[in-house]
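K.L.:
Protein chains in written order, with the numbering used here: chain E, -15 to 198; chain Z, 850 to 1652; chain F, 246 to 546; chain A, 3 to 198.
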């Protein structure tokens, strides 16, 4: 299945400048939430119905005893056959035929949140406590319909986020992983055949984020 | 910087130490990445594993305040393993110079130290000279009194084991860093250093940079593409504000401020003008008199005449060696000796060390004038935490200022490139550019003194001040032209004729007979004789292909993009590294970057000049007697460090550093009450004291509150979990913050014992946002570098406990 | 460039673009229908052309130096894989009915051209050479000889030749030097028809009004006269349609319509892009500015 | 533009074809003219200008293009300057936030504020009052404490009871003016961010 759009999130190029996190807020008109310092650079702490993208900071001790510090610009994977759709009653969660973007429509307020969440291997959907609607990244479907690229990709200064036809994106993923493997044997793409948003990592996926890989 | 931002891409090995480019100069990291894509290696040396370290090829930790030990070990490594570039040393440095027999070093002190006055008598640090006064040299570099041998002797004490036990850096890491960087020794490769406040903010700050300069000279990395000693300056126009010398000890163009023991211009010029007997030495500072007279003419115009020493008496004189830097006059302010304080676009209540003292000092003022674009902790000190406004007598004037995009003017970046910036918008409400405030204020002072007279009115009345646009506002372009300087009478120079009132095209044409003016000789040439402002240029040509962009903006001096570039060619004037031809001699002229002077290459014994034209003898100083604490950098512990003794010598701290005596200026070295080393730094999401960035909502969303980074080991010891509220206390003050327990900070093994290190941001202040926390400078000590008095924010002692 | 389209694909691409344009700005419906036929046919003709890639002679003085276009008229028209006069007459044959349908006032000109063609009194190659070389006298003489009103002949012949000129320019584009050029097309020397901003760096590109070549130009200088004084330049846009704008310059009195393509996924259909902004042309001309290059759809005031 | 010889292209399209106005080709323009008129009346046509500048945060001096409304002068957009050789159009997250340093940030200081001794609040004042008062304050202290000679009797002509700091957030011309003003007043307590 190589039609529709795809995005690369190449963690090896990300410097955690957090431009994507802020561009997503601005484009979707999401408010700057009141946050606290909880002992991490990562803020806001997690996704919510008001935060569709969070740059995750993960640190630990590498095999050579030196620290490592990985940055993971987390977002919905827009799966080819989305697990969250198992929670559908009629078609509250749809898949845009042209781009493949998975959209939680306002009708999701009728769904059982836990069933939908259970279907998602990446822990993405969040619920608005007041309206009960499920909210998440839309791959900027409105921008794509106006043949624009997603806001987060547009603002990324280092080329860590790339957008395009799925065919071309899969080729770029292959080239980048091959090059990275020369210096980082563990380099790999996460679930490239099941998801449209393909993360590239250079170490064990769970060192980046618990739900990095399905 | 000796080089510039784009030049970093030419480097084969980049050392980022004493700075954090990926977080604090993010776009400079683009050029580091370009260098890495061509195979360059990036080394990150920092007490903490930062975002820069996460992108480095090699990371090594070190304890705050031990940079000279770390770099001293590298000098020793370079010398022992013959990594140095011999011809470069012999040709361009004072390595072959023979030093007087009287010079020596014993147990941490150089010869000539007077412990009473805590100063050196530098007589014994002189060179051996022949009868004609020319320095004796040994080009074979073997004579035991030659500088290279003295250097070898001095740094032979910096063994890998001793350095490791001081810095806490594992021996293996030291060896790897030394090998990686010293591989750039010689002509084929170039290594560069990117440093910032991590180096300058120590009591040995200047000497840390001196140590790196020696390394760069040993490896032949100065004056070449991808080399140099490059400071990543923090503020947008800190280079310009330093050039214009808003500093007590220098006048615009780095001309030393006059001292009381130079009663007239002649004695001042004699005091400051360097002399040399060395052949082929341009000794550019011999032109000192032309620059000071041209400066006085730019200030006092017609009133400055040869008869009245060009108004030399109008300029205030310091007592010989008097130091009026910020910590000194805040000390006077705290003692009630300062009545008025003018503070423009700066937030001392947050960034001067020992904030409790600073904030108490502000309350002793009669009046405070503050101009800024947002309110901050300084302007509102009178209603700060724990302050009873009704008891504070200080009058405060808070003047709303225009931001940078609301006025015309120029700015100089770290790479000495001067950019003209255009007014794109208007300030809100009654906001006004600071330039306009100054323009109006001086006009009012002139009127007052003309009407009422007063103490010595002449300097105010004689000051040239016709910088208006005819409608009562400041015309920035007229100031830029005055800074460039004018011919004050018709003259022919450099084979051309110039009319009175035309701008001078180059500082080589400035005179000391009063026929030229120049507000800052370094900027002469920025405005052409026909009035064109070269800082506005946007030419994209790059004929050498080395990223010099000679037609983009203008850079001082005379648009030379890499300083000391004559060191990049051999005696015939051919580039020592052919694939980075910064400069080439074509037989009758130089091609490439603007050369450091048009003289032919060294082969032409008769007419040539040595590369280091700003140094009296034309060579760079491996042996540098100019600084206060010694011709060779020596490791001393921070004034408030963890160790009772300095493992290197009997001298625990810098022997010439100034200590403040007031009870509030307490220091607690090796004090069990404060066992943890602390350093301060900025976060990417904030900027300096946060006086601007803390007013931007989604920057505070990403970085909401002050935090303390600490190791897991220390956290366990104190029973602290990640996210807990902790209290950090020093001998001077305390502050609560959120604990960030991380693997990116680890305890150091120092002299066999475990020393803990923590770090925190200084970006916060009580004024805004409400719960963000206050300034880290409540903790920092009032002590500064022995030469510059840059405060020692980067290494002091604290205690950490659950709040 | 996207993979080569067949003539039908090219024509339907123009149709879809014009439909989208019409739904987004209904007021342009009549102008769109006037140009639809012409633009469809030109797209078909261009898609059907061979490579036209006969190399230019070694760059003589004419082809070098700033502001000097790469191609002289003769070299531009010299191709091996096409009989130009025959192609022009076929192209005219397909263009003329579209002109009659879209532009009623041109019916007599179309008629005159058809009869001149059958009578063999219209020297197509010579007329095109005179037109491109800017030789007014010769053009008027050839028009008179063919018994066709000169402005009408020039308009029709230029529209017929446009597909050829664009396809030929495509083949020669590889010879252009990288980096920035001034206001004139580096290939044929003509003035731009529109500008656009593209790429994360936000660089400005210009599109040639004659041969459709794209070249990079400074964002802070007037694309037509090169003026760099910011205060003498400006731009305007319609609130809500921020990705369309007009840049104007009071030094040369010219304006240029422009698109902000940053964040766009694909290029627009270039042939129809200018047509979608003629309300901006009108606003600019009402403010006293004149277009950088005269185009069929921008003489409005 | 350089002289183009006859054998090269002129702006061919500007020659005769320009003579055929759309209306003269029989294309009805009423709808377009009405639409343009409507846009102008509804003031949806925004006139603006773009100015060259550099970022006011760190000392890399990334190039900026600042666009502001031609009438209200309010900043409507700030982006990286694609032609600037150092940043080539790119900006870091802070540079991209500098829009909030403009008048679009409601917290920008707008009034001249004065706090009287022992007062608990700010009062609003005029510029003239403020600058007149400041000039008087400076003159009063200077006339009283001006030192012609030091303890050793050497001529010094200096004033030690007023101090100044600031600033590397000011332009070169402003820094030069303040340097000249302070020396003419005889100040020696002079410093700024370069040292801290």
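Built from N, CA and C at the ideal position, the CB exists for glycine as well.
1. Terminal residues of the continuous beta strand (DSSP E) containing residue 1219 (chain Z)?
2. Could you list the residues in the segment 456 to 481 of chain F with a C-beta less than 9 Å from some C-beta on chain Z, going in chain order?
3. Give me the Cα-Cα distance between residue 1204 (chain Z) and residue 1629 (chain Z), rounded to the nearest whole angstrom.
4. Less than 8 Å between the CB atoms is what I'm expecting for residue 1225 (chain Z) and residue 1196 (chain Z), so what's the real figure, rounded?
5. Assuming residue 1441 (chain Z) contacts residue 1433 (chain Z) under a Cβ cut-off of 8 Å, what Cβ separation, rounded to an integer in Å, is found between them?
6. Considering only the alpha carbon of each residue, which of Z:970, Z:1006 and Z:905 lies closest to residue 1498 (chain Z)?
7. Report yes or no: is there a C-beta of chain A within less than 9 Å of the C-beta of residue 300 (chain F)?
8. Quick one: is residue 882 (chain Z) near chain E, going by C-beta distance under 9 Å?
9. Using three-state DSSP, classify residue 1578 (chain Z) as helix, strand or coil.
10. Count the other CB atoms, across all protein chains shown, that sit within 10 Å of the CB of residue 131 (chain A); report buried if there are 16 or more and exposed otherwise.
11. I'd like the span of the alpha helix (DSSP H) that includes residue 999 (chain Z), first residue to last.
12. DSSP three-state label for residue 199 (chain E), please.
13. At a CB-CB cut-off below 8 Å, which residues of chain Z make contact with residue 28 (chain E)?
14. Rounding to the nearest angstrom, what Cα-Cα distance links residue -10 (chain E) and residue 872 (chain Z) in this structure?
15. In whole angstroms, give me the CA-to-CA distance for residue 1410 (chain Z) and residue 117 (chain E).
16. Assign residue 78 (chain A) to one of three DSSP states: helix, strand, or coil.
17. Please confirm if residue 424 (chain F) has its CB atom under 9 Å from at least one CB of chain Z.
18. Any C-beta of chain B sitting closer than 9 Å to the C-beta of residue 155 (chain E)?
19. When every heavy atom of the ligand NAD is checked, does at least one fall within less than 8 Å of the C-beta of residue 291 (chain F)?
20. DSSP has residue 1408 (chain Z) in a bridge; who is on the other side?
21. Between the Cα of residue 1257 (chain Z) and the Cα atoms of Z:1526, Z:1228 and Z:1328, which residue gives the shortest distance?
22. Figure out for me which residue from A:159, A:175 and A:129 has the closest Cα to the Cα of residue 1279 (chain Z).
23. Take residue 310 (chain F) and list the residues in its own chain whose beta-carbon comes closer than 7 Å to its own, dropping the five residues that flank it on each side.
24. Can you give the Cα-Cα distance for residue 285 (chain F) and residue 1399 (chain Z), rounded to whole angstroms?
25. Give the residues of chain A in contact with residue 1192 (chain Z), contact being defined as C-beta atoms less than 8 Å apart.
26. Just how far apart, CA to CA, sit residue 164 (chain A) and residue 153 (chain A)?
27. Among Z:958, Z:1081, Z:950 and Z:984, which one has its Cα closest to the Cα of residue 942 (chain Z)?
28. Cutting at 6 Å between CB atoms, please list the residues of its own chain near residue 125 (chain A), excluding the five before and the five after it.
29. Using a threshold of 9 Å, state whether the C-beta atoms of residue 1469 (chain Z) and residue 1445 (chain Z) are closer than that.
30. If I measure Cβ to Cβ from residue 195 (chain A) and keep anything under 6 Å in the same chain, skipping five residues before and after, which residues do I get?
31. Among E:31, E:141, E:91 and E:87, which one has its Cα closest to the Cα of residue -3 (chain E)?
32. For residue 411 (chain F), count the other beta carbons within 10 Å of its own beta carbon; 16 or more makes it buried, fewer makes it exposed. Which is it?
33. Residue 346 (chain F) versus chain E: which residues are under 9 Å apart at the beta carbon?
34. Does chain F have any CB closer than 9 Å to the CB of residue 9 (chain E)?
35. Between residue 889 (chain Z) and residue 860 (chain Z), how many whole angstroms is the CB-CB distance? I'm expecting something under 8 Å.
36. Taking CB distances under 9 Å as the criterion, tell me whether residue 81 (chain A) reaches chain F.
P.N.:
Quick answer:
1. Taking the first residue of the second chain as 1, we reach residue 1219 (chain Z) at position 370. Residues 1216 to 1221.
2. 463, 465, 466, 473, 475 and 476
3. As a working mapping, residue 1204 (chain Z) is identified with position 355 in the second chain. As a working mapping, residue 1629 (chain Z) is identified with position 780 in the second chain. Approximately 8 Å between the Cα atoms of the pair.
4. Residue numbering aside, residue 1225 (chain Z) sits at position 376 when the second chain is read from its first letter. Residue numbering aside, residue 1196 (chain Z) sits at position 347 when the second chain is read from its first letter. With a Cβ gap of about 5 Å, residue 1225 (chain Z) and residue 1196 (chain Z) count as contacting.
5. As a position in the second chain, residue 1441 (chain Z) is number 592, starting the count at 1. As a position in the second chain, residue 1433 (chain Z) is number 584, starting the count at 1. 6 Å between Cβ atoms; contact.
6. Mapped onto the second chain, residue 1498 (chain Z) falls at position 649. Considering only alpha carbons, the answer is Z:1006.
7. Stepping through the third chain from its first residue, residue 300 (chain F) is reached at position 55. Answer no: the Cβ-Cβ gap between residue 300 (chain F) and chain A never drops below 9 Å.
8. In the second chain, residue 882 (chain Z) corresponds to position 33, counting from 1. It does; some Cβ of chain E falls within 9 Å.
9. Looking up residue 1578 (chain Z) in the second chain gives position 729. Of the three classes helix, strand and coil, the one that applies to residue 1578 (chain Z) here is strand, per DSSP.
10. Position 129 of the fourth chain holds residue 131 (chain A). Per the 10 Å Cβ criterion, exposed.
11. In the second chain, residue 999 (chain Z) corresponds to position 150, counting from 1. 996 to 1004 is the span of the alpha helix (DSSP H), which, as asked, contains residue 999 (chain Z).
12. Outside the modelled stretch of chain E, which goes from -15 to 198, sits residue 199 (chain E), for which no answer is possible.
13. The sequence position of residue 28 (chain E) within the first chain is 44, counting from 1. Chain Z residues near residue 28 (chain E): 1550.
14. Within the first chain, the letter at position 6 stands for residue -10 (chain E). Within the second chain, the letter at position 23 stands for residue 872 (chain Z). Approximately 29 Å between the Cα atoms of the pair.
15. As a position in the second chain, residue 1410 (chain Z) is number 561, starting the count at 1. As a position in the first chain, residue 117 (chain E) is number 133, starting the count at 1. So the two alpha carbons sit approximately 59 Å from each other.
16. On the fourth chain, position 76 is the one that residue 78 (chain A) refers to. Residue 78 (chain A): strand per DSSP, three-state reduction.
17. Walking along the third chain from the start, residue 424 (chain F) turns up at place 179. Yes - at least one Cβ of chain Z is within 9 Å of the one on residue 424 (chain F).
18. The question asks about chain B, but that chain is absent: this structure's protein chains are E, Z, F and A.
19. As presented, the structure is devoid of all ligands, the ligand NAD included, so that no description of it is given.
20. Working through the second chain from its first residue, we reach residue 1408 (chain Z) at position 559. BP columns for residue 1408 (chain Z) are empty, so no partner.
21. As a working note, residue 1257 (chain Z) is residue 408 in the second chain. Closest by alpha carbon: Z:1328.
22. Taking the first residue of the second chain as 1, we reach residue 1279 (chain Z) at position 430. It is A:129.
23. Translated into the one-based positions of the third chain, residue 310 (chain F) becomes position 65. Reliability of the predicted coordinates at residue 310 (chain F) is poor, the pLDDT of 49 falling under 50, and no value is obtained from them.
24. As a position in the third chain, residue 285 (chain F) is number 40, starting the count at 1. As a position in the second chain, residue 1399 (chain Z) is number 550, starting the count at 1. Approximately 49 Å, taken between the alpha carbons.
25. Walking along the second chain from the start, residue 1192 (chain Z) turns up at place 343. Those within 8 Å of residue 1192 (chain Z) in chain A are 166, 167 and 168.
26. Reading the fourth chain from its first residue, position 162 is the one you call residue 164 (chain A). Reading the fourth chain from its first residue, position 151 is the one you call residue 153 (chain A). Approximately 19 Å, taken between the alpha carbons.
27. Here residue 942 (chain Z) corresponds to residue number 93 of the second chain, with the count starting at 1. Closest option to residue 942 (chain Z), Cα to Cα, is Z:984.
28. Locating residue 125 (chain A) in the fourth chain gives position 123, counting from the first residue. For residue 125 (chain A), where only same-chain residues beyond five positions count, the Cβ hits under 6 Å are 116.
29. For the purposes of this step, residue 1469 (chain Z) is identified with residue 620 of the second chain, where counting begins at 1. For the purposes of this step, residue 1445 (chain Z) is identified with residue 596 of the second chain, where counting begins at 1. Their beta carbons are not under 9 Å apart, which means residue 1469 (chain Z) does not touch residue 1445 (chain Z) by this criterion.
30. Locating residue 195 (chain A) in the fourth chain gives position 193, counting from the first residue. 170, listed in sequence order.
31. Reading the first chain from its first residue, position 13 is the one you call residue -3 (chain E). Nearest option by C-alpha distance: E:141.
32. In the third chain, counting from the first residue as 1, residue 411 (chain F) sits at position 166. Buried: at least 16 other Cβ atoms inside 10 Å.
33. As a working note, residue 346 (chain F) is residue 101 in the third chain. Near residue 346 (chain F) there are no residues of chain E at all, since even the closest Cβ is about 31 Å away, more than 9 Å.
34. In the first chain, counting from the first residue as 1, residue 9 (chain E) sits at position 25. Not closer than 9 Å to any Cβ of chain F, the Cβ of residue 9 (chain E) fails to qualify, so no.
35. The sequence position of residue 889 (chain Z) within the second chain is 40, counting from 1. The sequence position of residue 860 (chain Z) within the second chain is 11, counting from 1. About 5 Å separates the two Cβ atoms, so the contact holds.
36. Residue mapping note: residue 81 (chain A) aligns to position 79 of the fourth chain, counting from 1. Taking Cβ atoms only, chain F reaches closer than 9 Å to residue 81 (chain A), which makes this a yes.
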